[in-house]
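Q: Can you read through this structure? Questions will come right after.
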Amino acid sequence: MARPAKSIKIQMIEGNTNNKTREEITKRAKAEEKFDVVSSEHMQPPVYLGGDSKKVFRKIVKIMEPVGILNEADIDLIATYADTQVVYTQVMEHLAMEGVIDPNTGNPSKFIGERNKLAELMRKLGDKMGLSPQARAQIANTIAGLSNAGKEDVSEWDQN
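Structure representation (structure tokens):
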């Protein structure tokens, strides 16, 4: 199975294990700059989101703006997370009102399975956006590594 692509900055922190030339590194860094972060003003929720989902969308964008990893290409990912969180909240409210056991059958509520599926989806999406403690720690390590990247001099393309 192929490994997921990594930013050239992260590759440099890890020590240029792919043995890229200075020219390849510079070219890749300039290409990645085209995906630079945009301000939260440009990160508007899609029109198809409901009111509660739009609130969650805006909250995530505001929280993640200082980290500087989200851009307009992530709008659908954030929208999916926001919508999933709202549905998850509705399922949890239903379970709180009705209970985890179906009174008609005595079996566990069908909403428990839905809750578990939604929680797993939120975890996966959250990890992609840096919304979990582990993902944030990984981002912090990457940022810290860039500030003192001694394995490879990246200053030539990192100052723009």
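So the sequence shown is numbered by the working numbering: it starts at 1 and just counts up by one.
Where a beta carbon is used, it is the ideal one built from N, C-alpha and C, also for glycine.
#1: Would you call the CB atoms of residue 57 and residue 73 closer than 9 Å?
#2: In whole angstroms, what is the alpha-carbon distance linking residue 61 and residue 83?
#3: Is it buried or exposed, residue 130, if we count other Cβ atoms within 10 angstroms and call 16 or more buried?
#4: Please report the straight-line C-alpha distance between residue 119 and residue 88, rounded to a whole angstrom.
#5: Using a 10 Å radius around the Cβ and a threshold of 16 neighbouring Cβ atoms, would you call residue 25 buried or exposed?
#6: Using the C-alpha atoms, what's the distance from residue 90 back to residue 108?
#7: Applying the criterion that 16 or more other CB atoms from any shown protein chain within 10 Å of the CB defines a buried residue, is residue 44 buried or exposed?
#8: From what residue to what residue does the alpha helix (DSSP H) around residue 72 run?
A: Taking the geometry as given:
#1: no
#2: Taking the straight line joining both Cα atoms gives about 14 Å.
#3: buried
#4: 7 Å
#5: buried
#6: 18 Å
#7: exposed
#8: Element bounds for residue 72: n/a, residue is neither H nor E.
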